[in-house]
Every structure is written in C-alpha cells, then in structure tokens.
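Residue numbers (the working numbering): 14 to 163. By construction, the Cβ of each residue, glycine as well, lies at the ideal position given by its N, Cα and C atoms.
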C-alpha cells in the first residue's frame with residue numbers, strides 16, 4: 014500500500030443542525046452505531062447531510078469506546094454529548110426498527126473529540142457519503158483541506 018492510500022480517518026453524515034453543536038457549540042462527544050473502526054489520532058471529517066451538503070469541518074479522535082446501552086452513554090457523558098438524552102433515546106428506538114430479524118444490533122461507538130475545527134469553505138465530496146460512513150485516505154484528506162482553503 015502506498016502512502017497516499019493510507020487511511021487517516023473517517024467521514025460520517027450528520028444533519029446540519031446537529032453538526033453545529035460540534036463545530037460551533039463545543040460539544041465533544043460524537044455517538045453513532047459502530048460501522049467503522051476508529052482509533053485515537055485519526056481524523057473525523059464531518060459531512061452535513063440534508064441541507065448545505067458537504068464537509069464542514071473535522072476533529073481528531075481522542076478516544077473511542079463501545080456501549081450496548083444508551084443509558085450508560087448518557088450517564089457517563091451527559092452534557093458533552095452532541096445529542097440530547099431524548100434524541101439519543103429516540104435514535105435507539107428508531108434504530109430498533111431498522112434491524113434485520115435475527116441480527117444483533119451493532120454496539121454504539123462513542124468518540125471523544127479534540128482539536129475541532131470548522132472549515133472556511135464547505136467542500137462537496139466527489140461521491141455520496143452513506144449513513145454508515147466511510148474511511149478517508151490521506152490523498153483525499155489533503156484534497157479536502159486544499160479545497161476548504163486550509
């Protein structure tokens with residue numbers, strides 16, 4: 014694998030109003046059903062879904078934990094969460110509807126963020142970002158930063 018193919022992080026779609034809580038309001042804990050493997054030091058590039066689609070900013074992964082119970086997440090992280098307790102509980106209820114019969118639900122991935130920064134310009138991706146997210150490789154990350162004006 015060449016250096017330009019190295020995975021340096023991941024990107025996930027987040028509804029724009031919720032994304033503002035991370036980029037503008039200082040919330041530092043991101044919660045998502047676990048679909049990708051993240052490690053401390055990786056980048057998390059935030060894609061605004063719905064309105065004003067595109068990459069709006071990023072953060073560095075400080076730590077990653079996995080939980081099976083949303084109440085444990087709420088109890089541990091409280092006001093640091095980018096979702097309110099009721100939004101997280103609703104997410105859990107809605108998620109139960111999406112499961113295929115017989116399959117165990119994925120654990121919740123709880124990512125503590127640091128070095129959060131908003132991009133000067135929104136960057137449109139060249140391809141669709143699925144709800145499960147996808148990995149970001151070093152060459153793509155460099156292109157994102159260049160197009161964001163950083």
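In the structure shown, residue 88 falls within a helical segment according to DSSP collapsed to helix, strand and coil. Relative to the Cα of residue 146, the nearest Cα in the group 97, 161 and 44 belongs to 44. Among the bridge pairs identified by DSSP, residue 60 is matched with 26 and 68. Residue 80 places its beta carbon less than 8 Å from that of residue 120.
When only Cα atoms are considered, residue 53 and residue 21 end up about 11 Å apart. The C-alpha of residue 122 is placed about 6 Å away from the C-alpha of residue 78.
Close CB contacts of residue 101 within its chain, under the 8 Å cut and outside five residues either way in sequence, are with 44, 83, 86, 87 and 94 (chain order). The Cβ-Cβ distance between residue 124 and residue 32 does not fall below 8 Å. When DSSP states are grouped into helix, strand and coil, residue 98 belongs to the helix group. Judged by DSSP secondary structure, residue 126 falls within the beta strand (DSSP E) whose first and last residues are 121 to 136.
Residue 141 counts as exposed, since fewer than 16 other beta carbons sit within 10 angstroms of its beta carbon.
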